[in-house]
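Numbering (my numbering), first residue to last: 9 to 594. Positions of the beta carbon are idealized from the N, C-alpha and C atoms, including for glycine. Okay, structure first, notes after.
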Amino acid sequence: MANKKEEWKSDLYGDEVREKILEFAETGFESIPEDEREAWFTRFKFWGIFHQRSGQEGYFMMRLTNANGILEPDQLRAIGEVARDYASGPVSNPEFGDGWIDLTTRQSIQLHWIKLEDIPEIWEKLESVGVTTRSSGGDTMRNISGSPVAGKDANEVIDTLPLLERFQEEIRGDDDLCNMPRKFNISVSGTPEGGAQDAINDIGLEPATTVIDGEEMLGFNVRVGGGLGGREPRVARPLDVFVTPDEAYDVVRGFVELYHDHGDRQVRAKNRSRFFVDEHGTDWIRDLLDEEYVDADLRTAGEDIRDEYTYNAGSSPDAGKKDYTGVHEQGDGKRYVGLSVPVGRLPAEEAIELADLADEYGSGEVRLTRRQNPIIVDVEPDRVDELIAEPLLAKHRPEPNPFVRGAMACTGTEFCSIALVETKTRTATMLRWLRDNVDLPNDVEQLKIHFSGCTADCGQANTADIGLLGMRARKDGEMVEAVDIGVGGGMGEEPSFVDYVQQRVPADEAPGAIRNLIEAFAERRDPGQTFREWADATDNETLAELCEPEETDYADPSLTDAKQSWYPFADEGTTAANPGVASSDD
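Below, the structure written as structure tokens:
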């Protein structure tokens with residue numbers, strides 16, 4: 009007997025859901041029968057429409073999709089205008105005010121406080137410039153991630169754009185494949201730093217070479233079954249398959265179909281592809297893929313370039329790009345400029361201004377990274393300094409302080425129904441405190457602090473130098489928001505996840521714990537040693553002692569909410585919104 013979500017999906021899912029959303033939008037939120045709302049909200053997710061947490065009835069998060077983080081000219085401007093006109097709620101956020109966009113860890117955008125009745129107008133505006141919400145949520149193929157500078161970067165190994173576009177149109181666009189056992193992530197890396205983070209995707213393609221008919225051929229090695237969350241993260245396992253660019257589509261589609269057909273649809277807690285690979289093994293998957301899902305014989309894996317992967321890897325600054333902030337050279341001699349947006353939240357007016365700057369200084373195209381940041385591409389070298397002098401870049405700096413540069417945060421209890429703690433405002437507050445109270449060694453350009461509001465780990469805490477995972481704890485007899493603190497994660501040549509060295513630390517004591525840990529790192533590290541290298545070389549018992557929680561003068565913005573209110577900042581006496589402090593690098 010299928011679980012209830014499978015029953016709901018079997019009745020209606022995919023493209024057909026759109027017409028029902030339009031019908032409900034016309035008749036109003038209250039026209040959705042209360043006893044059917046859970047089923048409808050499950051179906052709505054395929055079209056990127058997520059009902060917000062309890063107490064926020066009638067308001068939705070809207071997730072957009074844009075393969076590889078590419079926003080064509082005018083698309084970001086339209087998104088910013090939608091945020092300005094439609095994404096304001098009944099209570100302002102004390103840090104960010106009203107009307108903003110959230111940049112995500114899958115190179116896409118989310119909008120909040122969307123009313124169901126406004127969705128038809130929003131869709132019309134977005135779709136007029138080629139932006140869609142289709143297949144951005146639910147049990148389907150999510151936004152396809154790749155190198156955000158595909159087709160641009162001077163050091164690109166292989167241009168993945170044609171492949172990514174085909175995945176988008178022919179796999180994600182196929183309604184027959186819309187109903188997967190669970191959400192499914194596809195990634196492709198074409199640049200040597202590995203910016204798609206293929207090791208934490210359900211299927212990932214990484215540049216590799218092999219010899220075919222006596223000639224060295226460039227293509228991809230295939231990895232399957234990666235992912236975070238549920239305290240059971242997995243690094244994607246090598247499938248021992250090499251594909252040429254021409255063969256890649258068939259193999260990726262084959263694995264999608266294989267998982268679609270054989271994935272567990274009964275136990276949702278154990279039916280992500282990482283558990284599917286755990287259960288069946290890569291040999292069984294490879295054999296079945298070869299026998300039933302791919303026409304051509306599969307080649308064995310080639311020689312990969314993983315020893316060059318530096319993105320989010322905790323490697324030394326001279327090893328290669330750790331992110332895409334700053335100024336970098338394109339293959340055509342132009343430049344791309346990566347901005348740093350603290351915790352990925354960008355006010356609507358600033359999003360529109362960013363689109364204007366992309367038009368003024370570049371081609372109008374904007375790229376999004378997996379670290380919740382935007383990139384302006386196609387800038388002439390002699391205009392780079394002029395662009396950097398713009399006020400928006402003084403706020404969202406291409407070279408921010410190391411704490412801001414390394415920070416990420418998920419949505420948290422502000423809107424998410426499963427999160428346990430508030431994340432965005434807390435992280436912004438904490439980043440300023442760390443900047444003002446902690447000294448990093450001069451050669452440390454980035455310290456990755458990732459914050460996830462629960463074990464689903466949408467903020468990728470497991471891959472951070474210091475990962476914070478939302479929990480609850482008792483302090484002075486009162487339930488408070490808390491975090492588990494993990495240390496030593498990262499991607500790169502040898503992906504690994506954090507070890508949690510402190511449990512259920514009250515949120516107001518976490519900055520003190522982080523300061524104690526960083527000061528110990530600065531004092532004890534070998535010359536040139538990165539935080540990840542130092543953490544790897546230090547035993548967990550010692551790390552736990554060094555990461556001692558401590559009360560400080562840090563003032564937490566929502567310590568005692570613990571999801572008791574319908575909105576973390578809705579209590580009486582809430583500070584009035586002040587968008588002027590929306591950058592933790594101010």
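DSSP three-state assignment for L119, whether helix, strand or coil: The answer is strand: DSSP assigns L119 an E or B state.
Sequence-distant residues of its chain with Cβ nearer than 6 angstroms to G88 (five each side left out): Hits under 6 angstroms: A356, A359, I360.
N450 burial status per 10 Å Cβ neighbour count (16 or more: buried): With fewer than 16 other beta carbons inside 10 angstroms of its own, N450 counts as exposed.
Backbone CA spacing between L442 and P406 [nearest angstrom]: Going from the Cα of L442 to the Cα of P406 covers about 19 angstroms.
DSSP state of F32 mapped onto helix, strand, coil: Note: F32 maps to helix in three-state DSSP.
Endpoints, beta strand (DSSP E) assigned at V196: Where V196 is concerned, the enclosing beta strand (DSSP E) stretches over 194-196.
Assumed close pair V139, Q83 - CB separation to whole angstroms, cut-off 8 angstroms: Contact between V139 and Q83 holds: CB atoms are separated by about 5 angstroms, below the 8 angstroms threshold.
Coil, strand or helix - T113 by DSSP: For T113, the three-state secondary structure derived from DSSP is coil.
Buried versus exposed, by CB contacts within 10 Å (16 or more), D19: Exposed: under 16 other Cβ atoms inside 10 Å.
Environment of L448 [buried if 16+ CB atoms lie within 10 Å]: Taking a 10 Å sphere around the C-beta of L448, we find 16 or more other C-beta atoms and assign the residue as buried.
Three CB pairs or more closer than 8 angstroms across the region 123-130 and the region 169-176: As far as the Cβ criterion goes, the region 123-130 does not touch the region 169-176, which means the pair count is below three.
Length at least 4, wholly inside the region 412-477: the alpha helix (DSSP H) runs in chain order: The qualifying runs are 432-445.
Span of the beta strand (DSSP E) around N151: Per DSSP, N151 belongs to no beta strand (DSSP E) and is neither H nor E.
Distance between E44 and D569 (C-alpha atoms, nearest Å): Each residue's Cα considered, the two are about 30 angstroms apart.
C-beta contact flag for V452 and P410 at 8 angstroms: Taking 8 angstroms as the Cβ cut-off, V452 and P410 qualify as a contacting pair.
T50, enclosing alpha helix (DSSP H) - first and last residue: Taken as a continuous stretch (DSSP letters only), the alpha helix (DSSP H) holding T50 covers 45-52.
F68 - partner residues in DSSP beta bridges: Per DSSP, H59, I122.
Proximity below 8 angstroms, CB of E515 to CB of E558: First, the residue type needs correcting, since residue 515 is Ala and not Glu in the sequence shown. Going by beta carbons, A515 and E558 fall outside the 8 angstroms limit.
Local Cβ density within 10 Å of Q274, reported as buried at 16 or more and exposed below that: The residue is exposed, with fewer than 16 neighbouring Cβ atoms inside 10 Å.
Cβ-Cβ distance between N187 and N209 below 8 angstroms: Their beta carbons are not under 8 angstroms apart, which means N187 does not touch N209 by this criterion.
Three-way DSSP call (helix, strand, coil) for D594 in this model: For D594, the pLDDT reaches just 39, beneath the cut-off of 50, and the residue's location in the model is therefore unreliable, leaving the point undetermined.
Where N76 sits in the DSSP three-state scheme: The three-state reading of DSSP puts N76 in helix, counting H, G and I together.
In chain order, each beta strand (DSSP E) run of at least 3 residues that lies wholly inside the region 235-290: Runs of the beta strand (DSSP E) inside the region 235-290: 245-251.
Where K483 sits in the DSSP three-state scheme: Strand at K483.
Cα-Cα separation, S195 to S460: Looking at the two C-alpha atoms, the distance is approximately 22 angstroms.
Spatially closest choice to L266 from D291, G289, L296, by CA coordinates: For L266, the nearest C-alpha among the options comes from L296.
T141 versus D305, E125, Q118, residue with shortest Cα-Cα distance: Of the candidates D305, E125, Q118, the one whose C-alpha sits nearest the C-alpha of T141 is Q118.
Presumed contact (8 angstroms Cβ cut-off) between A256 and F228, rounded CB distance: Taking the Cβ atoms as the reference, A256 lies roughly 6 angstroms from F228, within the contact range of under 8 angstroms.
Beta-bridge partners of Q510, as assigned by DSSP: The partner list for Q510 (beta bridge, DSSP) reads I493.
Nearest-angstrom Cα separation, counted from N76 out to V387: Each residue's Cα considered, the two are about 20 angstroms apart.
Whole-number beta carbon distance between Q338 and A597, since they are thought to touch under 8 angstroms: Residue 597 is absent from the structure shown; the chain starts at 9 and stops at 594.
C-beta contact flag for R71 and A363 at 8 angstroms: With contacts defined as CB atoms closer than 8 angstroms, R71 and A363 fail to qualify as a contacting pair.
Alpha-carbon to alpha-carbon, T308 and D221: The straight-line gap separating the alpha-carbon atoms of D221 and T308 is approximately 14 angstroms.
Straight-line Cα distance separating I384 from V335: Rounded to the nearest angstrom, the two C-alpha atoms are 10 angstroms apart.
Span separating the alpha-carbon of N586 from that of K53: Interpretation of N586 is limited by its pLDDT of 35, a score under 50 that renders its predicted location unreliable; the figure taken from the coordinates is listed afterwards. N586 and K53 have their alpha carbons spaced roughly 32 angstroms apart.
Extent of the continuous beta strand (DSSP E) run through I220: Where I220 is concerned, the enclosing beta strand (DSSP E) stretches over 211-220.
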